[in-house]
Amino acid sequence: MMDKKRVTILTSIILFCFIAVLFRLADIMLVRHRELAKRSRTQYLIVQDIKPKRGTVYDRKGRELAVNLELDSLYGIPSEVEDAKDTALKLSSLIKVSDSTLEHRLSRGGDFVWISRKLDPKITNRIKEMNLPGLEFLPETKRVYPKGTLAAHVLGFCDIDNKGIEGIELKYDNYIKGRSRKLMLGRDAFGKNLSTGSIPEISGDNIVLTIDEDLQYIVDKELDKAMQETHARAAVAVMMNPETGEILAMADRPAYDPNNPSAFSPADRRNRAITDCYEPGSVFKAILVSGVIQENIFPLSQTFDCSKGSIEVGGRIIHDAERHGVLTLTQVVQKSSNVGAIQIGMRFGKERYYKYIKAFGFGEKTGIDLPGEVSGMLKEPSRWSGVSIGSISIGQEIAVTPLQLLRAYCAIANGGYLLKPYIVSEITDAEGKPVKVFGPQRIRRVISERTSRIVTDILTTVTEDGGTAAKAALDGNPVAGKTGTAQMVDPETRRYSHSKYASSFIGFVPADKPRIALIVVIFEPKGEHYGGHVAGPVFKRIAEQSLTYLNIPIEKDNHLLLVEHDEDR
Amino acid sequence: MKRAQDFLRHKEEGMPYYNEPVMREPQQQSLTYMYPQSADRVIIVATLCLIGVGVLMVYSSTAILSMKKYGTSFHYLKNQILTAALGIVTMVTFAKINYMRMRRFAIPLLCLSFILLLLVFVPHIGISAGGARRWLRLWPSTFQPSELVKIAMVIFLSDYMAKRQEDMKTPVKGLIIPIAIMGIFQIVLLKQPDLGAIISLGLLTISLLFIGGVRLSHILGLLLLSVPILYKLMLSVPYRRRRIMAFLDPWQDPLGSGFQLVQSLLALGNGGLTGVGLGQSKEKLFFLPEPHTDFISSLIGEELGFIGISLVILLFIIIFIRGVRIASRLKEPFGAYLCFGLTLMIGIQGVVNFSVVSGLMPTKGLPLPFVSYGGSSLLINMMAVGLLLNLSKTIPREEWKPEVNKKRRRRVTRTDRASQFSLPFGNNSPTSIFSKGGHGGTL
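As given, the protein sequences belong to chains P and Z, one line each in that order.
Counting in the numbering used here, the first sequence runs from 362 upward without gaps.
Counting in the numbering used here, the second sequence runs from 25 upward without gaps.
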């Protein structure tokens with residue numbers, strides 16, 4: 362009834378169309394699958410950088426020294442702000458930005474402008490209550506140092522973007538800041554994030570310091586006290602384990618609060634223990650003596666005539682603080698006789714002396730894992746003038762950092778090994794698994810075991826009766842150490858000042874089995890300036906408390922002896 | 025039971041029984057009547073499969089949108105299931121009515137659809153959405169008259185051509201009058217605008233006229249004449265040309281005129297062979313416009329892959345071939361035209377939809393029959409399937425596979441027996457009465 366031919370034609374056309382569609386779909390879906398799927402991904406997947414939290418900094422016993430705090434940052438969307446003036450006025454009463462600045466920021470258009478970052482939660486709440494249009498909060502983490510000024514110079518601080526600026530925060534920034542992870546997030550056409558579940562929280566590596574919070578506290582406290590008593594310009598104290606090179610405490614004064622670094626001058630934020638070099642003065646005599654004994658220049662019984670009280674070297678006359686008679690080598694050190702030391706130095710000779718100064722690590726960086734370390738100043742012997750050998754014998758004409766000195770003394774204390782000081786014992790990842798472990802590192806052997814014992818004995822006499830640092834002596838435990846009272850160069854006159862001194866004491870205790878080595882440098886104390894008087898007592902107080910804390914038995918305790926006798930009976 | 029015996033008797037006597045209905049009570053008029061044959065089960069299964077896929081994909085594509093708009097992910101799904109249920113009722117109803125009686129309604133239905141089409145422009149009754157006025161407010165839902173227009177046109181043309189079989193070769197009665205009627209509808213549709221409906225209505229009308237015996241020269245002449253009109257309408261205005269021609273290279277302006285097609289291609293391309301998995305589409309996340317209506321096939325491609333979308337296309341091909349087969353076996357002209365017209369209606373909509381989403385045709389909104397969300401389209405297409413089934417029942421089983429003689433006997437008995445119990449379209453309805461004008465055959 363219907364025209365069969367026409368039905369067939371029309372049916373064929375439609376069927377052909379269906380087949381064409383199938384071919385077309387095969388082309389799109391199979392041949393061009395990869396290309397189109399990739400294009401499709403680019404529009405529904407967004408790569409989001411997850412910013413890791415900074416790792417925590419712990420002391421050697423796992424106590425937190427630097428942590429993170431979640432705070433809200435306030436930003437404005439100027440295009441959504443209704444009344445810029447009113448908003449600015451309301452905000453300026455709460456945050457430390459003037460209303461005119463705020464108004465300017467809020468009225469210039471655009472979609473994003475920081476108003477105030479990392480706000481106090483109380484202020485955040487009050488702003489939220491005001492419910493102003495065009496203001497939004499963004500959670501950010503703020504680096505917080507819960508112990509305040511404690512070890513501030515070691516820890517350093519971060520800027521507003523959580524980038525390490527100083528100290529450990531800077532040195533290990535790459536570890537602490539962590540690697541931001543790229544996360545592929547699905548999103549819909551409105552840009553809304555569609556991924557289920559929360560964004561994984563990632564965090565940088567943690568740093569475990571060799572610092573002991575308690576020891577650091579002792580040092581901090583005593584330095585504060587010393588600063589108060591002496592009205593000094595600055596002070597430095599570093600405590601080190603002489604056997605390993607671990608820094609147990611490192612304190613600088615004036616202190617600063619890393620939670621609010623901008624309130625302090627850059628000078629106060631400097632870690633003077635490694636960034637400042639000064640002429641060490643008499644403490645350097647120990648280096649001279651170590652070299653002389655190691656090289657066996659003369660017998661230990663050799664005496665030096667210091668009765669004149671002064672000596673002329675290369676046209677410069679150098680005095681002793683007080684007139685001594687004929688002194689043995691030990692006494693030269695004990696009484697810190699410049700005249701004696703210069704005689705020894707001249708006998709030693711500049712080449713050999715230079716070799717030992719170098720061997721003790723002066724003129725080079727200690728390699729401690731803190732930023733900003735300086736190497737000090739040490740002239741080549743060829744550039745030494747006639748007076749140099751004398752000056753350097755008594756610790757002038759050479760600039761060293763407190764840490765360099767302490768390390769040199771540690772070499773004396775530990776049997777002659779120059780160590781690489783370190784302050785980070787371990788880097789652990791977010792799960793606590795160690796990423797990197799640090800241990801003691803001997804750089805070289807400087808002096809022999811025998812020399813170190815002899816020098817230690819000599820240095821022990823310093824804190825005994827008749828020594829310059831009787832005030833540094835501890836009840837029960839012998840202290841080996843040396844005082845230093847260095848005149849500082851007056852920057853105006855470029856000559857040694859008669860009022861500005863760097864008073865220092867370096868020592869280790871117990872002398873025969875050293876557990877801690879400590880340097881205390883008081884820069885420009887007012888009034889009393891002798892190292893033994895200014896720094897010695899500080900040393901004593903720190904050492905005493907530290908030994909108690911470390912449970913180091915008192916060796917020569919009369920009471921203990923009595924008890925033993927009681928038991929004998 | 026008695027009637028079944030009657031049929032068997034008829035059969036034994038070698039009498040064709042498709043035109044030998046039981047006339048127990050000829051005086052009783054009824055809208056429903058029964059032919060002895062069961063309905064075409066292949067079409068039923070294929071249709072139900074498509075509806076199932078549709079329900080599934082409507083849910084997949086609207087869950088998020090629904091959540092966003094209504095707070096529950098089931099809003100669209102619920103509507104689609106309700107419509108599908110209503111659609112099945114519609115299908116059963118239209119499978120049971122006396123299709124010949126529809127001839128009476130051919131012209132009134134066309135007029136009704138025209139009025140409804142115009143009502144779209146009446147404020148408060150008509151609803152505009154997305155820059156187009158296509159819907160009527162019909163509590164509690166909406167109705168799209170352009171869907172009704174299609175089936176009304178098919179019924180009208182079938183009736184028209186059946187009445188004037190000889191006149192079809194004349195230019196005025198055979199071509200100009202039907203084309204003029206189509207043109208009026210298309211002008212109204214252009215005002216909505218609903219270009220998808222215009223295209224499918226045009227293709228449908230011309231195809232039917234072609235089948236109806238209109239001279240090829242007339243049709244070609246018409247096509248030639250329509251070229252300048254089409255040019256004027258589609259390509260003369262630069263922005264419209266740009267939009268229409270964007271399908272040739274959608275990547276040129278992937279965020280503007282090419283956006284829909286680009287998103288559709290991305291969805292399809294993302295699907296690959298096996299698809300990203302049901303419910304896993306990324307394009308439906310508001311990238312792909314109309315993922316539950318006109319572009320649901322892109323979503324099928326993305327989630328079910330080339331395999332999935334090919335199966336859907338296969339279902340359409342099956343329905344189409346089945347429909348053509350029924351049509352070519354019908355001896356009564358109105359039924360044959362109607363059957364072919366309805367088959368074409370479903371087929372053309374399918375082809376146009378798939379062509380649009382795959383970039384073979386300019387992007388124009390046209391739902392995929394049975395699958396896309398939308399009550400009007402689903403109900404009208406179910407009505408069409410119902411009529412197809414109705415018509416399929418008028419063909420004796422013997423005629424299905426006349427060439428396979430050996431298997432014929434067994435096959436017939438089995439299907440006959442089964443048909444008495446299995447389907448709602450079976451021949452055991454006690455109320456089914458053959459009406460007066462209901463002769464299915466040409467005898």
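Virtual Cβ for every residue (Gly too), placed ideally from N, Cα, C.
Every value quoted in this text rests on a predicted model; they were computed, and no experiment measured them.
Short CB-CB distance (under 9 Å) between residue i and chain P
i	result
Glu307(Z)	yes
Ala351(Z)	yes
Ala109(Z)	no
Phe311(Z)	yes
Ser231(Z)	yes
Phe271(Z)	no
Ser241(Z)	no
Leu403(Z)	no
Ser443(Z)	Model confidence at Ser443(Z) stands at a pLDDT of 42, short of 50, so the residue's coordinates are unreliable and nothing is read from them.
Ile112(Z)	no
Ser281(Z)	no
Leu133(Z)	no
Ile333(Z)	yes
Ile223(Z)	no
Gly301(Z)	no
Proximity below 9 Å, CB of residue i to CB of residue j
i	j	result
Ser477(P)	Ser434(P)	yes
Val354(P)	Ile808(P)	This structure cannot speak to residue 354(P), because chain P is shown only from 362 to 930.
Leu240(Z)	Phe234(Z)	yes
Asn429(P)	Thr510(P)	no
Lys861(P)	Asp873(P)	no
Pro782(P)	Ile729(P)	yes
Ser401(P)	Leu302(Z)	no
Ser754(P)	Lys646(P)	yes
Ile179(Z)	Leu134(Z)	yes
Ile121(Z)	Arg346(Z)	no
Val173(Z)	Arg158(Z)	no
Met185(Z)	Met177(Z)	no
Val899(P)	Glu583(P)	yes
Proximity test, Cβ basis, 9 Å: residue i and chain Z
i	result
Gln577(P)	no
Gly443(P)	The sequence given here has Glu at residue 443(P), not Gly. It does not: the Cβ of Glu443(P) has no partner Cβ on chain Z nearer than 9 Å.
Lys365(P)	yes
Thr485(P)	no
Arg402(P)	yes
His569(P)	Reading off the sequence, residue 569(P) comes out as Val, not His. Answer no: the Cβ-Cβ gap between Val569(P) and chain Z never drops below 9 Å.
Ala634(P)	no
Thr372(P)	yes
Tyr783(P)	no
Residue i: contacting residues in chain P (beta-carbon distance under 8 Å)
i	result
Ser382(Z)	Val382, Arg385, Leu386, Ile389
Distance between beta carbons of residue j and residue i, contact taken as under 8 Å
i	j	result
Thr822(P)	Gly892(P)	Actually they are not in contact, since the Cβ atoms of Thr822(P) and Gly892(P) sit about 16 Å apart, beyond 8 Å.
Arg504(P)	Ala427(P)	6 Å
CB contact check: residue i to chain B, cutoff 9 Å
i	result
Ile375(P)	This model lacks chain B altogether; the protein chains it does include are P and Z.
Chain-ordered chain Z contacts of residue i [CB-CB under 7 Å]
i	result
His394(P)	Gly293, Gly296
Leu432(P)	Within chain Z, no residue comes near Leu432(P); the closest Cβ sits about 33 Å away, beyond 7 Å.
Neighbour list for residue i in chain P, Cβ cutoff strictly below 7 Å
i	result
Leu412(Z)	Within chain P, no residue comes near Leu412(Z); the closest Cβ sits about 15 Å away, beyond 7 Å.
Beta-carbon neighbours of residue i, restricted to chain P and to distances below 9 Å
i	result
Ser379(Z)	Cys378, Ala381, Val382, Arg385
Gly325(Z)	Leu386, Ile389, Met390
Partners in chain Z for residue i, counting only beta-carbon separations shorter than 9 Å
i	result
Val798(P)	Going along chain Z, no residue has its Cβ under 9 Å from Val798(P), so there is no contact; the nearest lies around 46 Å.
Val515(P)	Here the premise fails: no neighbours, minimum Cβ distance about 51 Å.
Val368(P)	Ile235, Val348, Ala351, Ser352, Phe364
Beta-carbon neighbours of residue i, restricted to chain Z and to distances below 8 Å
i	result
Ile397(P)	It is Leu, not Ile, that sits at residue 397(P) in the sequence shown. In chain order: Leu289, Leu290, Leu292, Gly293, Asn294.
Tyr436(P)	In chain order: nothing, as chain Z lies at least about 27 Å away.
**OP:** Mind the definition here: the region 664-676 of chain P touches the region 829-846 of chain P only if three or more C-beta pairs lie below 8 Å; say whether that holds.
**Re:** no
Original post:
Within the chosen definition, does the region 417-426 of chain P reach the region 409-418 of chain Z through at least 3 CB pairs nearer than 8 Å?
Top reply: no
Subject >> At least 3 beta-carbon pairs within less than 8 Å: the region 638-658 of chain P vs the region 696-706 of chain P >> reply: yes
Original post:
Would you say the region 375-391 of chain Z touches the region 277-295 of chain Z, given that touching needs at least three Cβ pairs under 8 Å?
Top reply: yes
**OP:** Give a yes or no on contact between the region 595-605 of chain P and the region 867-881 of chain P, applying the rule of three or more CB pairs nearer than 8 Å.
**Re:** yes
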